[in-house]
Amino acid sequence: MGFIKGLIKGLKPGGCHGGGRMHVEGLKKLVLVGSPNVGKSVLFNNLTGSYVAVSNYPGTTVHVSRGRGKIGREEFEVIDTPGMFSLRPITEEERVARLILLKEHPEVVIHVTDARNLERMLPLTLQLIEAELPAILDLNMMDEAERIGLKINTERLEEELGIPVVATVSTIGKGVDLLKTRVEEYVRY
Ligand SMILES: Nc1nc2c(ncn2[C@@H]2O[C@H](COP(=O)(O)OP(=O)(O)OP(=O)(O)O)[C@@H](O)[C@H]2O)c(=O)[nH]1
Ligand SMILES: [Mg+2]
Numbered sequence: 008m009g010f011i012k013g014l015i016k017g018l019k020p021g022g023c024h025g026g027g028r029m030h031v032e033g034l035k036k037l038v039l040v041g042s043p044n045v046g047k048s049v050l051f052n053n054l055t056g057s058y059v060a061v062s063n064y065p066g067t068t069v070h071v072s073r074g075r076g077k078i079g080r081e082e083f084e085v086i087d088t089p090g091m092f093s094l095r096p097i098t099e100e101e102r103v104a105r106l107i108l109l110k111e112h113p114e115v116v117i118h119v120t121d122a123r124n125l126e127r128m129l130p131l132t133l134q135l136i137e138a139e140l141p142a143i144l145d146l147n148m149m150d151e152a153e154r155i156g157l158k159i160n161t162e163r164l165e166e167e168l169g170i171p172v173v174a175t176v177s178t179i180g181k182g183v184d185l186l187k188t189r190v191e192e193y194v195r196y
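Count along the sequence shown from 1, then add 7; that gives the number in our numbering.
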């Protein structure tokens, strides 16, 4: 997957479509990415307070939500991106999600997945790692996964991937505190 590094090198920072003008001054950025319908927006609402802005990404009709959320002692700008399957964009939504990842220099990228379909979702996790983005894997919808008898060994997955892996049920906030702790650790080291 060396092509991803090629993509990054080919992108000049701070170009005309960059998120530069949308920066909330001084705040580190936490970006949520993942396939459509996996719970990114529910998690976004869990992580952010009441101040949320929804705007079109410059030059597109794609909506991006930005909010602020405190994790540990630090406040982050939390960004909810449109659903993406791959860092190689096909749709406009994927193009926007990729631009946010590559141009806004997030401190943390949470890859939100549907734990029931992990196999289908792991390729994007691998692409994020390959692109050297600071990724955390969120196995969301664990309630549904457990209901159909799925068991996932998160420690083993962490070892194999070399990134933090956390299980959540975003709709009831389960696992979200642990996810925040992992973000805190990630940013600190
Ligand atoms: N059972 C269960 N449902 C969840 C969980 N997280 C999210 N959902 C539901 O899944 C659906 C999709 O959630 P969203 O947060 O809108 O998903 P999204 O990833 O933002 O989707 P897009 O914006 O289309 O990319 C909603 O009906 C949520 O209530 C979870 O952990 N468990
Ligand atoms: Mg959403």
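Backbone N, C-alpha and C fix where the C-beta goes; we use that ideal spot for every residue, glycine too.
In this text the structure is predicted, and so the values were computed from the model without any measurement.
A distance below 7 Å between beta-carbons, with the five flanking residues on each side excluded, links residue 190 to the following residues of its chain, in chain order: 37, 78, 115, 143.
The beta carbons of residue 45 and residue 119 sit closer together than 8 Å. In this structure, residue 76 has its CB at a distance of at least 7 Å from all heavy atoms of ligand 1. With a 10 Å radius around the Cβ and a threshold of 16 neighbouring Cβ atoms, residue 196 comes out exposed. Contact between the region 174 to 188 and the region 49 to 68 is present: three or more C-beta pairs spanning the two stretches fall below 8 Å. Annotation: the continuous beta strand (DSSP E) that includes residue 84 extends over 81 to 87.
Residue 42 sits in coil when the DSSP states are folded into three classes, being neither helix nor strand. Here residue 177 is not near residue 40, since their CB atoms are 8 Å or more apart. C-alpha of residue 174 to C-alpha of residue 129: approximately 14 Å in a straight line. If one requires a minimum length of 4 residues, the alpha helix (DSSP H) runs lying completely within the region 131 to 189 are 149 to 154, 161 to 168, in chain order. DSSP places residue 48 within a helical segment (H, G or I) once states are collapsed to three. Partner residues in a beta bridge of residue 67, as assigned by DSSP, do not exist. Look at residue 35: its beta carbon is at least 7 Å from all of the heavy atoms in ligand 2. DSSP places residue 107 in the uninterrupted alpha helix (DSSP H) bounded by 99 to 110. Taking the C-beta atoms as reference points, residue 131 is found nearer than 8 Å to residue 92.
Taking the Cβ of residue 48 as the reference point, at least one heavy atom of ligand 2 falls within a distance shorter than 7 Å. Shown here for residue 150: same chain residues with a beta carbon closer than 6 Å to its own, the five before and five after excluded, namely 176 in chain order. Relative to ligand 1, the beta carbon of residue 89 is positioned inside 7 Å of a heavy atom. Of the candidates 113, 101, 124, 134, 124 places its Cα closest to the Cα of residue 155.
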